[in-house]
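Asks: Here's a structure for you.
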Amino acid sequence: MADKPITLEAIENFIAARHKGLVFPDWLERRFEHDTRERRAKRLRAAIPFIVVIYNLFLIPDWMLVGDEIKIALILHFAVVTPWVLLTGWLTKDDSSKLLRESLAASIPVAIVLQILVGFILTSSPDAGHYQYFVLLVLLFTNTVQRLPFRYAVVVSSTIVTCQGLAIVISGHMPLPVALVAITTLGVAAYLTLVSNYYLQRDGRRAYLHALRDRLQHLEIEEVAKRDALTDLANRHHLHARLDELWQQDDDTVSPVAMIMLDIDHFKMFNDRYGHVTGDACIKRVAACVRAELRNANDLAVRYGGEELLVLLPKTEASVALRVAERIRRSVEALGIPHEGLGATRIVTVSCGAAAAPASTISAWELIAAADVALYAAKRSGRNQVWPPFLYDREREPGANVTSLRRSGN
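In my numbering, the protein residues as written are 1 to 410.
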């Protein structure tokens, strides 16, 4: 089944539904992960140096509280845990999957806690009971600073509480009442920090939804500003931006850019006979034909002015542009829109002019002017045709003058 499109309406409906919980529907969860994964990965990597420094500073309380096991602590710190923390940072890439990224992050507090509990179990120091409370600091860091996703945080917190309880029982360092207090304290801390983790993530996801809605609203406004209200084709403003983009590209100065300029034949006569409402409907139907003949998302159809339309075809040879123009001409002719002002059997047609050249050899406006020249040549030659009717031939078409080919009517 296809994913639900990420539209402004879909986001607004989801917000209005006041969805509870931290998991979005699949279509939105994928978008959330795509939008946030790079920042999340960078944040996790940025925390690695801080974790390494603070963690190894805990060798000082290791020496003070469980000094008899300091050698084991040193080995675990510098041969096991610290290398693993550094490795997780290296393995966490901007494009890592959520499962890999968060599993690596979750492994860090678990590794640190296991190191603490190994020393707690093995030591015979009378101060060992105080040493196991460092587990609480790791738990606080995991759920409020590292901010693992809630499900991962629940698993890690449960693992830490369980391991601490087992270590207390195995070590026998603490009387039963004290042991119960220690386990209960850590359990309550786990619960409270998980509640904090939950609300932080809920608020973060809500902020993301509102930010996404704002972005989609902005894009919708931008899209409306690019479109012609009557035909839904691009407008002149959009055309100018696209031309600037094409003519500023430095990586492709050889591939030609093609323009097709087309005009509805005798449109003024049609508008006078049938009225502006019918005239607008005619322009919309012709625009639909033009849009249907676009080859891909790179082609751009523009309402250039009145009944005059323009098609921009990047990386297109003149011969291909002529074929596209001919398809448009035939498509409009096939509509069979009556134009009784030309006789009982006459219909609406279009004339097309095409031109193509590499962007490095001509300006955008010179290329548009060349297509315009070809358009008026088509009209002077009888309309309902594509000009030039042949590929560029220097002897037959030595260079038309724009002024001489212009006319006063439609």
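All C-beta atoms, glycine included, are put in the ideal place defined by N, C-alpha and C.
1. Please tell me whether residue 378 and residue 386 are closer than 8 Å, where the distance is taken between their beta carbons.
2. Suppose contacts are defined by Cβ-Cβ distances below 8 Å. Is residue 331 in contact with residue 384 by that definition?
3. Report, in whole angstroms, the separation of the C-beta atoms of residue 257 and residue 246, which I expect to be a contact under 8 Å.
4. Are the CB atoms of residue 193 and residue 144 nearer to each other than 8 Å?
5. Here's a check: name, in chain order, each residue in its chain whose Cβ is nearer than 8 Å to the Cβ of residue 2, leaving out the five neighbours to either side.
6. Using three-state DSSP, classify residue 337 as helix, strand or coil.
7. Mind checking which residues open and close the alpha helix (DSSP H) that includes residue 350?
8. Name the two residues that bound the continuous beta strand (DSSP E) containing residue 311.
9. Report all residues from its chain with a CB closer than 6 Å to the CB of residue 198; omit the five preceding and five following residues, and keep chain order.
10. Could you give the distance in angstroms between the alpha-carbon of residue 70 and the alpha-carbon of residue 59?
11. Is residue 167 near residue 174, with beta carbons less than 8 Å apart?
12. Could you check whether the region 288-297 touches the region 311-326, counting it as contact only if at least three pairs of C-beta atoms, one from each stretch, sit closer than 8 Å?
13. Whose C-alpha, out of 179, 34 and 135, is nearest the C-alpha of residue 117?
14. Say whether the region 126-135 touches the region 72-81, bearing in mind that this needs 3 or more beta-carbon pairs closer than 8 Å, one atom from each stretch.
15. Taking 6 Å as the limit between beta carbons, can you name the residues of its chain near residue 404, skipping five residues before and five after?
16. Could you tell me the distance, in whole angstroms, from the CA atom of residue 160 to the CA atom of residue 216?
17. Just the C-alpha distance for residue 163 and residue 176, rounded to the nearest angstrom, thanks.
18. Measure the alpha-carbon distance for residue 114 versus residue 107 and round it to whole angstroms.
19. Is it true that the region 225-242 meets the region 298-307, where meeting means three or more beta-carbon pairs spaced less than 8 Å apart?
20. Might you give, ordered along the chain, the residues of its own chain that have their beta carbon closer than 6 Å to the beta carbon of residue 262, omitting 5 neighbours on each side?
21. Can you round the beta-carbon distance between residue 152 and residue 102 to whole angstroms, since I take them to be within the 8 Å contact cut?
22. Kindly confirm or deny that the region 313-324 and the region 264-272 touch, where touching means at least three C-beta pairs closer than 8 Å.
23. Under three-state DSSP, which class holds residue 346?
24. Please classify residue 421 as buried or exposed, where buried requires at least 16 neighbouring CB atoms within 10 angstroms.
25. Within 10 Å of its beta-carbon, does residue 50 have 16 or more other beta-carbons around it, so buried, or fewer, so exposed?
26. Following the continuous alpha helix (DSSP H) through residue 133, name the residue where it begins and the one where it ends.
27. State buried or exposed for residue 340, treating a residue as buried only when at least 16 other CB atoms are found within 10 Å of its CB.
28. For residue 63, which option in 33, 120 and 189 has the closest C-alpha, if you only look at C-alpha atoms?
29. So the alpha helix (DSSP H) residue 202 belongs to, where does it begin and stop?
30. For residue 276 and residue 327, what's the separation of their Cα atoms in angstroms?
31. Pull up the distance between the alpha-carbon of residue 279 and that of residue 22, whole angstroms please.
32. Consult DSSP for residue 378 and reduce its assignment to one of helix, strand or coil.
33. Here's the rule: buried if 16 or more other CB atoms are within 10 angstroms of the residue's CB, otherwise exposed. What is residue 411?
34. Taking residue 17 as part of the alpha helix (DSSP H), name the residues at either end of that continuous run.
35. Looking only at its own chain, which residues have a Cβ that is under 6 Å from the Cβ of residue 204, when we skip the five neighbours before and after it?
36. Which runs of the alpha helix (DSSP H) fall wholly inside the region 13-72 and span at least 4 residues, in chain order?
Replies: On the basis of the supplied data:
1. yes
2. no
3. 6 Å
4. yes
5. Per-residue confidence for residue 2 stands at a pLDDT of 44, beneath the threshold of 50, marking its modelled position as unreliable; no derived number is given.
6. coil
7. Segment 350-358 is the beta strand (DSSP E) holding residue 350; no alpha helix (DSSP H) there.
8. 308-313
9. 150
10. 8 Å
11. no
12. yes
13. 135
14. no
15. Residue placement at residue 404 is flagged as unreliable, the pLDDT there being 32, under the threshold of 50; the coordinate-derived value follows with that caveat. Closer than 6 Å at Cβ, skipping near neighbours: no residue.
16. 42 Å
17. 17 Å
18. 10 Å
19. yes
20. 309, 350 and 352
21. 5 Å
22. no
23. coil
24. The displayed coordinates of the chain run from 1 to 410. Any statement about residue 421 would go beyond what the structure contains.
25. exposed
26. Element bounds for residue 133: n/a, residue is neither H nor E.
27. exposed
28. 120
29. 176-226
30. 27 Å
31. 53 Å
32. helix
33. Past the edges of the chain, shown from 1 to 410, lies residue 411, and the structure says nothing about it.
34. Residue 17 -> no alpha helix (DSSP H), and no H or E assigned at all.
35. none
36. 26-57 and 59-65
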